[in-house]
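Residue numbers (the numbering used here): 24 to 425. Written out below as structure tokens is the structure these notes cover.
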Amino acid sequence: MTTEATSPSTAASPSARQVWTRTRGIALALVVLLAAAVAIATIRSDARHGTLDPRSADRQGSRAVAELLADRGVDTTVVTTLDEARAAADADTTLLVAAPDLLPPGQQRALRTATTGAAGRTVLVAPGSPSVERLAPGVTADPANSLDSTLSPDCALPAARRAGTAETGGMRYTTTHLDADECYPSDRLATLLRIPETGGDGTGDTIVIGAPDILLNDRLDKQGNASLALQLLGSRPHLVWYLPTLSDTAAADEDDQRGFFDLLPSGWLWGTLQLFIAAAVAALWRARRLGPLVPENLPVAIRASETVEGRARLYRKANARDRAATALRSTTRIRLAPLVGVPLTQAHTPEALLPALSAHLHRHGDGQTLHTLLFGPPPGDDAALVSLADQLDALEREVRRP
């Protein structure tokens with residue numbers, strides 16, 4: 024029994040060119056997806072830059088209304104932290120919260136506590152549910168938005184009556200405050216509320232507006248937007264413009280500490296679950312065997328020499344001389360055991376095989392040589408493996424010799 028060394032060129036390992044040919048489609052798809060994600064992020068970033076920021080001259084900024092207020096003697100201060108917003112709440116200040124929904128529940132409650140009894144004005148721009156319930160107790164946001172953006176006042180609030188029609192259509196609200204002014208209704212639900220303060224001197228109030236359009240640069244000159252915005256924000260000599268940020272962690276309680284999965288939209292989690300189920304179904308559909316393996320007849324006959332050569336190449340490619348030597352010795356022991364009268368169950372037991380083999384060969388004192396040959400350590404190199412195969416072949420021929 025001999026093995027032939029094969030050249031590296033006969034190995035079945037794919038070349039770098041073949042690997043690139045097989046994977047270039049996936050790589051190209053990943054590059055396209057990455058480029059699309061960067062492009063979308065850039066476009067959205069540009070579109071949302073400076074939204075409701077009184078320092079921004081972008082279309083979605085609010086610099087125009089800040090300039091008009093400055094001409095009327097109202098100074099505007101921009102703050103980005105809850106501590107600054109709470110410190111600014113007093114009777115001479117209008118506090119505008121540009122994005123109430125960005126505030127965690129703990130910060131919303133802290134802001135409400137700071138403004139209650141301060142006798143100032145608080146303006147909440149398009150707060151959703153449940154934000155509005157914490158910032159303006161007694162007010163509830165309707166799930167459906169207004170279908171019309173331009174609405175008529177239809178209320179007794181002087182500022183609304185002087186401004187006339189304005190683009191307040193957006194979030195719609197209901198309130199339990201009997202003395203509240205409910206203006207710009209859409210299907211009998213108000214898009215602008217003024218809730219007077221019940222405690223203190225009675226001069227403070229809270230304004231809830233359902234859309235930010237009357238504050239935007241590109242919408243300020245439409246309808247009565249400018250008049251309504253100047254009257255709502257210019258009733259006090261100081262305007263504090265609060266732009267909440269996600270990095271502001273002041274006054275956050277333990278309930279606000281959310282993990283990564285809490286920040287994911289529910290649609291993403293549901294979509295991931297669907298993909299997992301689809302992958303499981305596809306795996307079951309494509310599975311070839313759902314039970315124990317069963318032998319199958321080969322479609323073509325393969326010569327034993329080709330099988331031996333193929334396995335030898337695999338051993339050579341993996342540099343598995345130990346496994347090759349183990350296979351050679353095990354096969355030789357199985358063939359030798361019946362020839363010397365040893366049961367196959369004991370063919371791999373040195374105590375049973377070696378004495379019978381020595382007696383059959385009439386060799387005395389060379390048991391250690393046979394033990395090394397049939398049960399010894401793996402060869403150290405390819406030459407030693409070839410030598411081992413030759414010695415095993417010679418031993419089998421000698422045993423079979425009459």
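Beta carbons are placed, not taken as given, at the ideal position from N, Cα and C, and that holds for glycine.
Sequence-distant residues of the same chain with beta carbon closer than 6 Å to residue i, five excluded per side
i	result
residue 229	145, 159 and 218
residue 390	377 and 381
residue 137	109 and 112
residue 254	182
residue 121	75, 148 and 266
residue 369	375
Unbroken beta strand (DSSP E) run spanning residue i, endpoints
i	result
residue 101	98–102
residue 405	It is not in any beta strand (DSSP E) - residue 405 instead sits in the alpha helix (DSSP H) that spans 405–423.
residue 147	144–148
residue 164	162–164
Residue burial classification, residue i (beta-carbon count within 10 angstroms, cutoff 16)
i	result
residue 417	exposed
residue 325	exposed
residue 237	buried
residue 48	exposed
residue 195	buried
residue 133	buried
residue 356	buried
residue 51	exposed
residue 123	buried
residue 388	Caution applies to residue 388, whose pLDDT of 46 falls short of 50 and renders its modelled position unreliable; the value that the coordinates give is listed next. It is exposed - the Cβ of residue 388 has fewer than 16 other Cβ atoms within 10 Å.
residue 339	buried
residue 192	buried
residue 38	exposed
residue 302	exposed
Beta-carbon gap between residue i and residue j smaller than 8 Å
i	j	result
residue 141	residue 150	no
residue 155	residue 55	no
residue 415	residue 351	yes
residue 206	residue 171	no
residue 125	residue 269	yes
residue 259	residue 96	no
residue 257	residue 92	yes
residue 81	residue 240	yes
residue 304	residue 362	no
residue 169	residue 197	no
Neighbourhood of residue i by C-beta distance below 8 Å, restricted to the same chain and skipping five residues each side
i	result
residue 78	84, 86, 89 and 101
residue 187	175, 176, 246, 247 and 250
residue 353	371
residue 166	152
residue 226	114, 142 and 220
residue 271	103, 104, 105 and 130
residue 69	Any reading at residue 69 needs caution, since the residue's pLDDT is 49, under 50, leaving its predicted position unreliable; the model's value is listed next. For residue 69, where only same-chain residues beyond five positions count, there are no Cβ hits under 8 Å.
residue 410	402
residue 348	401, 402, 408 and 411
residue 420	none
Limits of the alpha helix (DSSP H) - the one that residue i falls within
i	result
residue 118	Run containing residue 118: none in the alpha helix (DSSP H); it sits in the beta strand (DSSP E), 116–120.
residue 133	128–138
residue 86	86–94
residue 110	105–111
residue 155	154–158
residue 393	390–398
Close-in-space but distant-in-sequence residues of the same chain around residue i (CB under 7 Å, 5 per side omitted)
i	result
residue 76	84, 85 and 266
residue 12	Outside the displayed span of the chain (24 to 425) sits residue 12, for which this structure offers no information.
residue 203	216, 217 and 218
residue 116	143, 259, 261 and 263
residue 331	none
residue 200	161 and 218
Requested in this report: Could you tell me which uninterrupted alpha helix (DSSP H) segments, each at least 4 residues in length, are contained entirely in the region 179–260, listed from first to last along the chain?
Outcome: Listed in chain order, the alpha helix (DSSP H) elements of length 4 or more contained wholly in the region 179–260 are 181–186 and 248–256.
Query raised in the report: Taking the runs of the alpha helix (DSSP H) that are 4 residues or longer, which of them lie wholly in the region 333–381?
Result: Correct list: 344–362.
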